[in-house]
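What follows is one structure encoded as structure tokens, with my remarks underneath.
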Amino acid sequence: MKQLVEHDIRNSFLNCTKGEAKRLNLPRDLVEQPWGELDFLGWRDPQAPDRAYLVTELDGRPQGLVLRSPAAAAWQARRSICSLCVTTHTGGVSLMVAPKAGPAGRQGNSVGAYMCSDLACSLYVRGRRETGSGGRMPESLTLEEKIQRTVSNLAAFIAKVTT
Ligand SMILES: [Zn+2]
């Protein structure tokens, strides 16, 4: 994806108030992110470990989501699969809950999905980061197809949050 600056990121959030978007904590090393290898930028709030964020470029503009990640439960130590990039982890997948955009979100509705806890899906797909154990299940897809799948899984998740 194209490199984004702070202004783009803060303006991209679909499911929080403008005030929240202005205050939330961005990654400290924005310029050093491996933008060329990212399908989306995802990060944990450095000051609030139960909060996470992701921003991607969809339909030609940055679109971001605020996520809540409840504290890891015992079952999360089991082997589980990220619903975006389909990487298998032992203990490295978290339930991420996105408040819905607009009035539905203000009424407390949300959408949840299991994702890589560090939101580094793009790097796992490209083999740039390894899971602790086991690694990926063997698949016949090409890298391009795996990237496409991640992108479309994310687009589908964003669509659920915004509709
Ligand atoms: Zn993932």
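Number 155 marks the last residue of the sequence shown (my numbering); no jumps. All residues carry an ideal CB built from backbone N, CA and C; glycine is no exception. Remember, predicted model here, so these are calculated numbers, not experimental data.
For D0, the enclosing alpha helix (DSSP H) starts and ends at -2 to 2. A contact between stretches requires three or more CB pairs, one per stretch, nearer than 8 Å, and the segment 78 to 92 meets this requirement with the segment 123 to 142.
L76 has its CB nearer than 7 Å to a heavy atom of ligand 1. Here N7 is buried. Its C-beta has 16 or more other C-beta atoms within 10 Å. Contact between the segment 54 to 63 and the segment -4 to 13 is present: three or more C-beta pairs spanning the two stretches fall below 8 Å.
In this chain, the beta strand (DSSP E) harbouring P54 covers 53 to 60. Residue pairing by DSSP places T80 opposite I73 in a beta bridge.
Between the segment 36 to 48 and the segment 10 to 27 there are three or more C-beta pairs closer than 8 Å, enough to call the two in contact. Separation of the CB atoms of S144 and F32 is rounded to 12 Å, and the pair is thereby denied contact status at 8 Å. By the neighbour-count definition (other C-beta atoms within 10 Å, threshold 16), R2 is a buried residue. When the alpha-carbon of K138 is set against those of G119, K152, A151, F149, the nearest one is in G119. In terms of CA proximity to N101, T154 leads the group R71, H(-1), T154. Annotation: R71 to Y45 spans about 23 Å, alpha carbon to alpha carbon.
Going by DSSP, E49 is part of the beta strand (DSSP E) stretching over 40 to 50. Taking the Cα positions, D51 is about 31 Å away from P130. For ligand 1, a non-hydrogen atom lies closer than 7 Å to the CB of M107.
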